[in-house]
Every structure is written in structure tokens, then in C-alpha cells.
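This report refers to the structure that appears directly beneath it.
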Amino acid sequence: MPFVRIDMVEGKPETYRKTVGDTVYDALRSALNAPENDKFIVISEHSPAEMMISPDYLNIQRSPNCIVIQVTLNTGRTLEMKKAFYHAVAYGLHEKVGLRLEDVFISLVEVPKENWSFGNGEAQYA
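Under numbering that gives the first Met the number 0, the first residue of the sequence shown is numbered 0, with each subsequent residue one higher.
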């Protein structure tokens with residue numbers, strides 16, 4: 000049920016974008032117990048001028064390569080699960096594409112189950 004939007008500066012190769020999406024999906028499965036084949040990820044690229052990310056909020060030094068990951072998901076995950084997800088994504092991206100840990104910004108948006116329609120005009124989880 001998670002829906003993921005990933006925003007990054009333009010110019011990354013297709014293999015980079017695919018690896019980023021796969022890494023986030025793997026973390027969803029392992030840390031947040033997302034169902035198998037529940038992969039709904041949209042990756043958008045932007046010009047540097049369109050990525051208005053604070054370079055030093057909370058004393059975290061972000062580079063222009065900072066990516067923003069927003070996950071909409073059902074409510075109910077524990078704080079420990081969320082922390083495990085943040086860790087799995089950041090360290091997975093660092094390991095697989097060389098992204099700095101400081102350049103991984105993640106936001107979770109929790110919604111009730113009835114707020115989803117996966118097609119056919121139906122609320123499958125309601």
C-alpha cells in the first residue's frame with residue numbers, strides 16, 4: 000500500500016534512478032512490512048533551481064544531490080519500524096549509488112486505509 004514519490008536533480012542515469020527506486024522498495028518490504036509486488040514509485044527529476052532544499056537545516060550539510068523521498072502509507076507503523084526504514088534507505092543508497100547519508104531526506108505521510116483506490120473505482124482496503 001505505500002506510494003512513493005522520489006525527487007532528485009536532473010541528469011542521473013536510468014540505472015541510478017532504478018537502483019534508488021529498488022532500494023526504497025526493498026526497505027519498504029524489510030522494515031515496514033509492505034506486501035510483495037506492492038510497488039508504486041514515481042521518480043521525478045528537476046533542474047537545480049527547482050530543488051529548493053535547505054543546505055544546512057538542523058546542521059545537516061546537504062549537497063545539490065540531495066534527494067527527497069515521500070512515502071504515503073497506512074497508519075500503524077511503530078517508531079522503531081520507521082527508524083529502521085530511514086536507516087535502511089539512507090545506508091542502502093549510500094552503499095548502492097554512493098549517495099551521502101546527509102543527502103537522503105525522507106518524509107512519511109500516514110493515511111487511513113480507506114484513503115486508497117488501486118483501480119476499478121473501488122476502495123480495496125475499506
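Virtual Cβ for every residue (Gly too), placed ideally from N, Cα, C.
A quick note: this is a predicted structure, and the numbers were derived from the prediction, not measured.
Legend entry - Residue span of the beta strand (DSSP E) that contains residue 80, given as start and end: Position 81 of the sequence shown, counted from the first residue, corresponds to residue 80. For residue 80, there is no enclosing beta strand (DSSP E); the enclosing alpha helix (DSSP H) has its first and last residue at 78 to 96.
Legend entry - Helix, strand or coil at residue 29 according to DSSP, with G and I counted as helix: Within the sequence shown, the letter at position 30 stands for residue 29. In the structure shown, residue 29 adopts helical secondary structure according to DSSP, grouped into three states.
Legend entry - Meets three-Cβ-pair contact criterion under 8 angstroms: the segment 27 to 44 and the segment 76 to 87: Yes, since at least three Cβ pairs between the segment 27 to 44 and the segment 76 to 87 fall closer than 8 angstroms, the two stretches touch.
Inset, instruction - Inspect the beta-carbon positions of residue 8 and residue 47 and report whether they are closer than 8 angstroms. - result: Position 9 of the sequence shown, counted from the first residue, corresponds to residue 8. Position 48 of the sequence shown, counted from the first residue, corresponds to residue 47. Yes, the pair counts as a contact, with Cβ atoms nearer than the cut-off.
Legend entry - DSSP three-state assignment for residue 16, whether helix, strand or coil: By one-based count along the sequence shown, residue 16 stands at place 17. Residue 16: helix per DSSP, three-state reduction.
Legend entry - CB-CB length for residue 108 against residue 68, believed under 8 angstroms: Position 109 of the sequence shown, counted from the start, is the residue given in the question as residue 108. Position 69 of the sequence shown, counted from the start, is the residue given in the question as residue 68. Between residue 68 and residue 108 the Cβ distance is about 11 angstroms, and since that is not below 8 angstroms, they are no contact.
Legend entry - Rounded straight-line distance, which links the Cα of residue 125 to that of residue 57: In the sequence shown, residue 57 corresponds to position 58, counting from 1. In the sequence shown, residue 125 corresponds to position 126, counting from 1. About 39 angstroms.
Legend entry - Beta-carbon proximity check, residue 66 vs residue 98, cutoff 8 angstroms: Taking the sequence shown and counting its residues from 1, the one referred to as residue 66 is at position 67. Taking the sequence shown and counting its residues from 1, the one referred to as residue 98 is at position 99. In contact: residue 66 and residue 98 (Cβ atoms closer than 8 angstroms).
Legend entry - Sequence-distant residues of the same chain with beta carbon closer than 8 angstroms to residue 90, five excluded per side: Here residue 90 refers to the residue found at position 91 when the sequence shown is read from its first residue. Once the five neighbours on either side are set aside, the close Cβ partners of residue 90 are 100.
Inset, instruction - Please state whether DSSP places residue 141 in a helix, a strand or coil. - result: No answer is possible for residue 141: it lies beyond the span of the chain, which begins at 0 and ends at 125.
Inset, instruction - Have a look at 73, 70 and 52 and flag the residue whose alpha-carbon is nearest the alpha-carbon of residue 63. - result: For the purposes of this step, residue 63 is taken as the residue at position 64 of the sequence shown. Ranking the options by Cα distance to residue 63, first place goes to 52.
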